[in-house]
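The block underneath contains the structure these notes are about, expressed in structure tokens.
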């Protein structure tokens, strides 16, 4: 554990310790663009609504939203990713700067676009989403540049987050290399996986799929964790057999989270009753909190309980927003997480 030899023993001490951590986040960054307006009539050209635009907004998404969550918790995020030499890339760099986020790990490429997800909304509803992206793996030059940035930033990191959205920035060989480099330096690695590279993250410290990703990644069918707990736990055992992570943390939507530590102790933590406004970005909050807890050597059940609280809190907000540290601390104290 580079950050602390002795884990914090109180919540205020824990939240203060977050401020001294540096988190290297490698993976797929993206822009979330929003167009709000009113739709009062159908187009004469096609049976679609005409939206009169009232305002637009660009937000950091993907791994960049994880960086915002890490920053909101008091730690220092270092992003490592590839973006295009395009307008979306320019806007992303501007947003990084305006949010005081370092861009030293960002590689720009003329061969692939910046991932931009544009949402058209009217009367509080999303009418359309337009995705500008590619999902092909990095070419050799891009991969060399990304690896150089990763190796350069790793020496400053207390923990590494792999934020994989299947957009091609991460692939099996780079994942294996990055995890090996981190392990050689004693730096823990936490993973937010998607389908394509699901089985590539061998020997990571913490692996955090949701139920859908667990089913798809292992090509297994099982029901929800209440009705089909034996098959779910068998899937977790299979995951551990294939990837040998130290900790498995599975998010279970409205049922909370499941965590299993290196001693194979299983803990189910129920979700807290909330007024859910939007589940977008909850996974980014969960992995951010989990990474900081892992860096500080907290027990797996405490890590899962705090991440579960944080994921629930951001669901009460509309849109993809980072966690509020003071709210999380207050609720963690109320629930006596530590």
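Numbering (full-length UniProt numbering), first residue to last: 1 to 338. Built from N, CA and C at the ideal position, the CB exists for glycine as well.
What first and last residue would you give for the alpha helix (DSSP H) that runs through residue 179?
-> 172-184
Every unbroken beta strand (DSSP E) inside the region 61-85 [3 residues or more] | 76-84
Using a Cβ-Cβ cut-off of 6 Å (strictly less than) and excluding sequence neighbours within five positions of residue 308, which residues of its own chain qualify?
-> 256, 257 and 269
Are residue 213 and residue 230 touching if we call contact CB-CB under 8 Å?
-> no
Proximal residues to residue 20 (C-beta, below 6 Å), its chain only, five neighbours per side dropped | none
Please determine, among 47, 115 and 17, the residue with the shortest C-alpha to C-alpha distance to residue 27.
-> 115
Chain C beta carbons: is any one of them nearer than 8 Å to that of residue 292?
-> As a matter of chain content, chain C is missing from the structure shown, which is built from one protein chain.
Given residue 123 as reference, the closest of 111, 37 and 182 once Cα atoms are compared = 37
Limits of the unbroken alpha helix (DSSP H) element including residue 294 | 282-295
Residue 81 versus residue 199: straight-line alpha-carbon distance, rounded | 21 Å
Quick one: what does DSSP say residue 322 is sitting in, helix, strand or coil?
-> coil
Given a cut-off of 8 Å, decide if residue 296 and residue 14 are closer than it, judged by their beta-carbon atoms.
-> yes
Give me the Cα-Cα distance between residue 285 and residue 302, rounded to the nearest whole angstrom.
-> 15 Å
Determine the closest residue to residue 97 out of 43, 60, 108 and 85, with distance taken between C-alpha atoms.
-> 60
Answer with buried or exposed for residue 88, where buried requires no fewer than 16 other C-beta atoms within 10 angstroms of its C-beta.
-> buried
With burial defined as no fewer than 16 other Cβ atoms inside 10 Å of the residue's Cβ, what is the status of residue 147: buried or exposed?
-> buried
Taking the beta strand (DSSP E) that residue 126 falls in, what are its first and last residues?
-> 125-132
Alpha-carbon to alpha-carbon, residue 52 and residue 240 = 52 Å
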